[in-house]
Each structure stands twice: as structure tokens, then as C-alpha cells.
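Enquirer: One structure, pasted below without further comment.
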Amino acid sequence: MLKASCPQRGLHMILQVVSRGVSGRSTQPVQNNIYVSSADGALRVAATDLEYLSMDGQLPAVVMEEGAVTVPGRVFNEIVASLPEDEVFLESEAPGELTIRCGKSNYRVRGLPPDDFQFLPSVDEEVRFSLAESDLRKLLAQTVFACSQDETRPILTGVLFYARPESLVVVATDTYRLALRTLSLPLRVAEEKKIIVSARVLGELMRILEEDSDAAVVVRLSRRLVEFEVRNLKVASRLIEGEFPNYEKVIPQGADKKVVVQVARLEQALRRAFIVARHDSNRVVLRGQDNLLRISAQAPDLGTVEEEVEMELAGEPLEIAFNARYLLDMLEAADSEQIAMHLSGPLNPGTLRPLGRDDYTYVVMPMQIIA
Numbered sequence: 154m155l156k157a158s159c160p161q162r163g164l165h166m167i168l169q170v171v172s173r174g175v176s177g178r179s180t181q182p183v184q185n186n187i188y189v190s191s192a193d194g195a196l197r198v199a200a201t202d203l204e205y206l207s208m209d210g211q212l213p214a215v216v217m218e219e220g221a222v223t224v225p226g227r228v229f230n231e232i233v234a235s236l237p238e239d240e241v242f243l244e245s246e247a248p249g250e251l252t253i254r255c256g257k258s259n260y261r262v263r264g265l266p267p268d269d270f271q272f273l274p275s276v277d278e279e280v281r282f283s284l285a286e287s288d289l290r291k292l293l294a295q296t297v298f299a300c301s302q303d304e305t306r307p308i309l310t311g312v313l314f315y316a317r318p319e320s321l322v323v324v325a326t327d328t329y330r331l332a333l334r335t336l337s338l339p340l341r342v343a344e345e346k347k348i349i350v351s352a353r354v355l356g357e358l359m360r361i362l363e364e365d366s367d368a369a370v371v372v373r374l375s376r377r378l379v380e381f382e383v384r385n386l387k388v389a390s391r392l393i394e395g396e397f398p399n400y401e402k403v404i405p406q407g408a409d410k411k412v413v414v415q416v417a418r419l420e421q422a423l424r425r426a427f428i429v430a431r432h433d434s435n436r437v438v439l440r441g442q443d444n445l446l447r448i449s450a451q452a453p454d455l456g457t458v459e460e461e462v463e464m465e466l467a468g469e470p471l472e473i474a475f476n477a478r479y480l481l482d483m484l485e486a487a488d489s490e491q492i493a494m495h496l497s498g499p500l501n502p503g504t505l506r507p508l509g510r511d512d513y514t515y516v517v518m519p520m521q522i523i524a
């Protein structure tokens, strides 16, 4: 039977992550629990909804007896979070029961035997590559927000990962905007591979990834599964099946206007304009000439707002309307001091890129200008 001990801090940290994999809605009661096992000098903690998300972590432990148990995830997490920073002793003397001791605290939690607990299948590795933790986090931060929330179109609720011999391309779209990020990386893949990963899973992965870490994240792909291994955690998911839209056709190939603007100034102006714009479908109108970009919004029952931002304009004066929220999403993720906006007519999509870079492309559809 399970009998082990580990530091409270380490157990608490891993439970905060793994507990998010608990479905809470499964018709199988054991799947609403967290799986805990002890073996080979480590404590394993895992949870899965058996659909899109699996969280599996390990931490060093003193293992006195090998064994396993499942316990309610929320209760287990709350108990460990409340304990002092001391050694935590875990013991399962009877099937489906876990004793938790730390300092002067002693809990006995009723769970379920582990025999019926199911895991996602292991990844039958077809493609494997690694990249820095900070690089993967940036890739996701610049794309995942463009996914659709419409569950009736599951393909658009996921992110396309396109592994090529010399680069990784990540794309997300909800048909109103598209975010595309390319990372030059010697993947050494035998053949190109395209998969679609749930945005929900990638959102959970982003919670784990650290911005400034160069630690390697190992990515394993198969026909139906993907697994991300970072430090002592594995995040796995079933893939979304189907054909991702042909994103290359969406990207405009020409523009007769180019606007260069400071990201911080444009972002601040849009945030102020958004106070009014959110009462009119988030609509803001951009008008520009003589190196001055005017941003306006109006709401019939509220009023109007006008902002001005300095810019560099190449081409004819411009007039076009966009969803302010969509512009702000890109600016927050741009990781650049300046952006270039490539525009044509008021009914044509606009393309935004960090100035001087072509590894990040953001396409956004215009809105109708209301007089």
C-alpha cells in the first residue's frame, strides 16, 4: 500500500497544476479524483478528463511502500495548501483511503481504489522535437487568443501546429482574425506534420511555462495525441480531428498603405477609446493623414471619443474600422516597440506585423464604418 513522504511546498505546487486536469463532470466517479502513487523514489500525481486534457507530474519523495490511491482533487489540494511548510506523510492503509499527516494535522480522506482509474493512451511517438520554454510560451501567447469560442466549430477552437524540417508554424483563427507565428528551429522531422491542439489545453500549458526559462520542452506528436514535457510535468491531449482552414489564402498579398506606429502609444489610445467602443460592438475608426492617426468611437446612448497618435504613413490617407479588442490583443502580444500596419481599402483585411520582422503576422477583418 502507498506509504511515502515529501515536502509540503513541492506537493502543493504540483497539485495546483495537476488538479486543473480534473473534469468534475465525468460519469465515472473515479475520474473526478486525482491519482496518487509512490514508486522508484518519486510521488506521481495525475488527473485527466479523458477527452482533451491530461496532467501528470512527479516529485522526489521518500518511498517506504509502493502503492496507489485516488482521492477527490479539490479536497486534496485544499488540505495540502493549508498545511505548514513541513514534511507531508501520505499513507493508504486501506483501499480507497488516504491518510495525510503534517505537523500536528492528521486527515483521513475517503477516495476510490486506483484500479478503475483510466489514463490517456501513451503517445506513439511519430515526431519529437524540443524548444526553449520561453520560446514556446511566446508562441502560444501570440496565437492562442485568436481561437474561436464557438464549440459548434471545433476545428477553430484549436491551434494548428505545423512542424517542418527547419521551422515550426503555429496558427490560430476564429475567421474574424488570424494569428500566425513562425519559429526557425531545426526540427529534423522526416516529413511535415500538421496537428490541431485544443486552445483549452494550451491555455493550461501556458500557466506552467515560465517567460524567462531556457529549459527544454519536449514535444511528442502522434496521429491522435500530443504531449508536452516540461520539467517534472507532462501535459497531454487528444488532437482535434479535421482539416484546418487554408490560412495562407487569408493573408493579403498586397497593400497600398503602410502605417508605422509606436505600440505603447497606440495601445494606450485604443484602451481609452474602448471605453466608448465597447458600447458599439467594439468598433473604432482609424483615419490617418499627415503622419497623424485619429482614432474615434461613438455610441448612440453614450457619446463619442477621439484620440490622436503620431505615425509614419506611406501611401494615400486611410479610413478603416476595426474591432478594438482584436487590435489590443495583438498589441499586447507583439513583443515589439513598433508595428507596421499594411492596409488597402476600408473593406479589405489589414495585416499587422512587428516592424522589421516577418515571423509574426496578424490579419484582422475590418468592420463597417457607420456615419
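For the record, in the sequence shown the residue sitting at position 346 is 499 according to my numbering, with numbers rising by one throughout. Heads up, the beta-carbon is just placed ideally off N, CA and C, and yes, glycines get one too. Model, not experiment: these values are computed from the prediction.
Where do the ends of the alpha helix (DSSP H) carrying M518 lie?
Expert: Working through the sequence shown from its first residue, we reach residue 518 at position 365. Segment: none, M518 is in no alpha helix (DSSP H) and carries neither H nor E.
Enquirer: For my contact list, A562 and T326 are in at a C-beta cut-off of 8 Å; report their separation, rounded to the angstrom.
Expert: Nothing can be reported for residue 562, as the shown portion of the chain is limited to 154 through 524.
Enquirer: Spell out the partners DSSP gives K346 in its beta bridges.
Expert: Residue mapping note: residue 346 aligns to position 193 of the sequence shown, counting from 1. Partner(s): A316.
Enquirer: From what residue to what residue does the beta strand (DSSP E) around K291 run?
Expert: For the purposes of this step, residue 291 is identified with residue 138 of the sequence shown, where counting begins at 1. Taken as a continuous stretch (DSSP letters only), K291 belongs to no beta strand (DSSP E), being part of the alpha helix (DSSP H) at 286 to 294.
Enquirer: Enumerate, from N- to C-terminal direction, the unbroken alpha helix (DSSP H) stretches of 4 or more residues contained entirely within the stretch 363 to 433.
Expert: For the stretch 363 to 433, whole alpha helix (DSSP H) runs of length 4 or above, ordered along the chain, are 416 to 430.
Enquirer: CB-CB under 6 Å to A408, same chain, minus the five flanking residues each way: which ones, in chain order?
Expert: Here the question's residue 408 lines up with position 255 in the sequence shown. Only H495, L496, S497 meet the Cβ criterion.
Enquirer: Specify, as a first and last residue, the run of the beta strand (DSSP E) that I253 falls within.
Expert: In the sequence shown, residue 253 corresponds to position 100, counting from 1. Unbroken beta strand (DSSP E) run through I253: 250 to 255.
Enquirer: Which ranges does the beta strand (DSSP E) cover as unbroken runs of at least 3 residues, wholly within the stretch 420 to 495, from first to last along the chain?
Expert: Counting only runs of 3 or more, we get 436 to 442, 445 to 452, 456 to 468, 471 to 476.
Enquirer: Kindly identify the DSSP beta-bridge partner or partners of G220.
Expert: Within the sequence shown, the letter at position 67 stands for residue 220. The partner list for G220 (beta bridge, DSSP) reads S191.
Enquirer: If we call anything under 7 Å between Cβ atoms a contact, is A192 one with V175?
Expert: Counting from one through the sequence shown, the residue named residue 192 turns up at place 39. Counting from one through the sequence shown, the residue named residue 175 turns up at place 22. No. Outside cutoff.
Enquirer: What's the call for I523, buried or exposed, on a 16-neighbour Cβ count within 10 Å?
Expert: Counted from its first residue, the sequence shown places residue 523 at position 370. Under this definition I523 is an exposed residue.
Enquirer: What does a CB cutoff of less than 7 Å around V183 pick up in its chain, not counting 5 residues either side in sequence?
Expert: Stepping through the sequence shown from its first residue, residue 183 is reached at position 30. Once the five neighbours on either side are set aside, the close Cβ partners of V183 are T223, L265, D269, F270.
Enquirer: At the level of alpha carbons, what is the spacing between K156 and E344?
Expert: What you label residue 156 is simply residue 3 of the sequence shown in a count that begins at 1. What you label residue 344 is simply residue 191 of the sequence shown in a count that begins at 1. Taking the straight line joining both Cα atoms gives about 46 Å.
Enquirer: Does any residue of chain D have a CB that is nearer than 7 Å to the CB of E396?
Expert: The displayed structure is made up of one protein chain only, and chain D is not part of it.
Enquirer: P266 by DSSP, collapsed to three states: which one?
Expert: Here the question's residue 266 lines up with position 113 in the sequence shown. In this structure, P266 counts as coil in the three-state DSSP scheme.
Enquirer: With H, G and I counted as helix, E and B as strand and the rest as coil, what does DSSP make of L236?
Expert: Counting from one through the sequence shown, the residue named residue 236 turns up at place 83. Coil, per DSSP.
Enquirer: Provide the residue(s) that pair with G163 in DSSP beta bridges, ordered along the chain.
Expert: Within the sequence shown, the letter at position 10 stands for residue 163. Beta-bridge pairing links G163 to no other residue.
Enquirer: Assuming A477 and A417 make a contact with CB atoms under 8 Å, what is their CB distance in whole Å?
Expert: Working through the sequence shown from its first residue, we reach residue 477 at position 324. Working through the sequence shown from its first residue, we reach residue 417 at position 264. 16 Å between Cβ atoms; not a contact.
Enquirer: Looking at the structure shown, is E242 part of a helix, part of a strand, or coil, going by DSSP?
Expert: On the sequence shown, residue 242 is found 89 positions in, with the first residue counted as 1. It should be pointed out that residue 242 corresponds to Phe in this sequence rather than to Glu. F242: strand per DSSP, three-state reduction.
Enquirer: Name the residue from V228, D239, E238 whose alpha carbon lies nearest to the alpha carbon of Y260.
Expert: Here residue 260 refers to the residue found at position 107 of the sequence shown. The residue with the shortest Cα to Cα distance from Y260 is V228.
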